[in-house]
Structures are given as structure tokens and as C-alpha cells.
Amino acid sequence: MTDPVQARIATLVGNNDVVLFMKGTPLFPQCGFSSTAVQILERLAVGYESVDVLSDPEVRAGIKTYSDWPTVPQLYIKGEFVGGSDIMMEMYSSGELDAMLDELGVARED
Amino acid sequence: MAMTAADIESAIRAALPDAQIVITDLAGDGDHYAARVISAAFTGLPRVRQHQMVYNALGGRMGGELHALQLTTSIPASGDKA
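Chains as they are written, first to last, in this note's numbering: chain Y, 17 to 126; chain D, 8 to 89.
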């Protein structure tokens with residue numbers, strides 16, 4: 017990857033088991049969908065790296081092409097794009113997200 | 008310009024002619040919608056790909072002109088007539 021922004025995103029996604037690209041911060045989400053995503057991850061007691069796209073316009077634009085996904089939030093687990101908040105909600109409700117974290121051996125907090 | 012529910016439905020239908028589509032205007036402001044899309048075209052595809060097909064049908068308006076579209080996709084239950 018030659019584009020420096022795409023390379024930066026790839027590094028973030030590659031170096032952290034769980035990464036959430038969001039608007040705002042986990043403490044102060046700036047969008048209802050990002051807030052939903054944060055709440056799901058907190059319920060699952062999973063440690064994650066969050067990236068505030070509002071404070072990083074390059075990543076905000078770049079993340080849309082990175083996974084060909086037009087919106088934020090975006091969740092990545094073990095380098096793989098999992099989905100946006102709707103998919104997170106479906107997978108959380110069905111227990112799939114919980115099972116996926118276990119399957120991939122992602123550490124939980126107590 | 009915000010999209011109307013009818014605009015969203017016709018854009019999705021153009022790409023997925025068999026789809027059953029239900030659009031709900033969540034806030035009554037013409038800017039926050041929920042869409043439920045059922046299509047046989049989703050068969051065998053992961054959710055991310057199913058959602059991408061709907062986003063592509065909206066031709067780049069998702070995330071711009073169309074701020075919020077809460078999306079649920081599924082395939083027709085067996086025996087269902089689409």
C-alpha cells in the first residue's frame with residue numbers, strides 16, 4: 017500500500033485486536049451510531065482501540081475506501097472488517113459477536 | 008437535499024428488483040431512516056456484502072446526502088413468494 021493514510025489505517029487495524037473507528041471518543045461519542053457501537057463493546061467487556069475520525073480528517077476520508085464502507089462507526093477484529101453499528105447490533109443480539117471474540121481468542125476484561 | 012423514503016426505495020429496487028423493502032422515517036425529519044430489505048440476491052453472502060449491495064444501490068449518497076440509514080438485510084424465508 018503506497019497511500020500513507022491507507023498504510024496508517026492498516027497499521028492501526030493490524031496492531032490491535034479490536035479497533036473501532038468512530039465519531040468522538042468512547043466517553044463522548046458524537047453520533048448515536050458510534051454511541052451504540054461503544055455500548056456494545058463495553059457490554060462485551062472487550063478491550064479496544066478507538067480512533068476518532070472527527071479529529072483526523074484524513075482517516076475519516078480514508079476509512080471509507082479502506083473497506084468500501086460509506087459510514088462510521090466501523091469495527092475491526094483481528095484485522096478483519098466486521099461491520100458498522102447495524103451489523104454489530106444484529107451480531108450482538110444473536111450472540112454471534114460474543115462467540116466470534118471467543119473463537120478468535122480476543123482477551124476480555126473482568 | 009435529503010432523500011425521501013420513495014427515493015430510497017426506488018434506488019434499492021433498481022438494483023435488487025426482487026426485494027421486499029420497508030422504509031421507516033425514524034425521526035420524521037426526512038434524514039433518519041430505517042430500511043429492511045429482503046432479497047434472494049443476498050443468499051450466501053456475508054452481512055457486510057449484503058449491506059454493501061444496498062449502499063452501492065444508493066450510489067454514494069449513503070454517508071453524504073443520506074445521513075442515517077439503519078439497515079437490516081435478510082433473505083426470503085423458504086417458501087416465501089417475494
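All C-beta atoms, glycine included, are put in the ideal place defined by N, C-alpha and C. It should be emphasised that the depicted structure is a prediction, and the values quoted were computed from it without experimental measurement.
Does Gln-59 of chain D come within less than 9 Å of chain Y when only Cβ atoms are used? Closer than 9 Å to some Cβ of chain Y, the Cβ of Gln-59 of chain D qualifies, so yes.
Terminal residues of the continuous beta strand (DSSP E) containing Leu-78 of chain D? Element bounds for Leu-78 of chain D: 75-81.
Can you tell me which residues form a DSSP beta bridge with Glu-65 of chain Y? DSSP output for Glu-65 of chain Y lists Y:Val-35 as bridge partner(s).
Alpha-carbon spacing of Val-29 of chain D relative to Ala-75 of chain D, whole angstroms: Approximately 15 Å between the Cα atoms of the pair.
Does DSSP put Arg-20 of chain D in a helix, in a strand, or in coil? The answer is helix: DSSP assigns Arg-20 of chain D an H, G or I state.
Return no unless some Cβ of chain D is closer than 9 Å to the Cβ of Asp-114 of chain Y. Chain D, which has no Cβ nearer than 9 Å to the Cβ of Asp-114 of chain Y, makes this no.
To the nearest whole angstrom, what separates the beta carbons of Val-35 of chain Y and Tyr-92 of chain Y, a pair I think is in contact under 8 Å? Between Tyr-92 of chain Y and Val-35 of chain Y the Cβ distance is about 5 Å, and since that is below 8 Å, they are a contact.
Which residues in chain Y sit within 7 Å of Gln-27 of chain D, going by Cβ to Cβ distance? Neighbours of Gln-27 of chain D across chain Y, judged by C-beta separation under 7 Å, do not exist; the nearest C-beta is about 18 Å away.
Cβ of Ser-83 of chain Y less than 9 Å from any chain D Cβ? Under the 9 Å criterion on CB atoms, Ser-83 of chain Y is classed as interfacial with respect to chain D.
Can you check whether the CB of Ser-50 of chain Y is closer than 9 Å to the CB of Gly-40 of chain Y? In this structure, Ser-50 of chain Y lies closer than 9 Å to Gly-40 of chain Y by Cβ.
Given a cut-off of 9 Å on the beta-carbon distance, is the pair Val-88 of chain Y and Met-38 of chain Y in contact? For Val-88 of chain Y and Met-38 of chain Y, yes; Cβs fall inside 9 Å.
Using beta carbons (cut-off 9 Å, strictly below), is Met-69 of chain D in contact with chain Y? Met-69 of chain D counts as touching chain Y.
Reduced DSSP category for Phe-49 of chain D - H, G, I as helix; E, B as strand; rest coil: Looking at Phe-49 of chain D - three-state DSSP - the assignment turns out to be helix.
Can you find the residues in the same chain that come closer than 7 Å, C-beta to C-beta, to Ser-66 of chain Y, ignoring five residues on each side of it along the sequence? For Ser-66 of chain Y, same chain residues with a beta-carbon under 7 Å away, outside a window of 5 residues either side, are Leu-36, Met-38, Thr-41, Pro-42 in chain order.
Since Gly-99 of chain Y meets chain D, which of its residues come closer than 8 Å, beta carbon to beta carbon? For a Cβ distance threshold of 8 Å, residue set Arg-54, Val-55, His-58 of chain D lies close to Gly-99 of chain Y, ordered along the chain.
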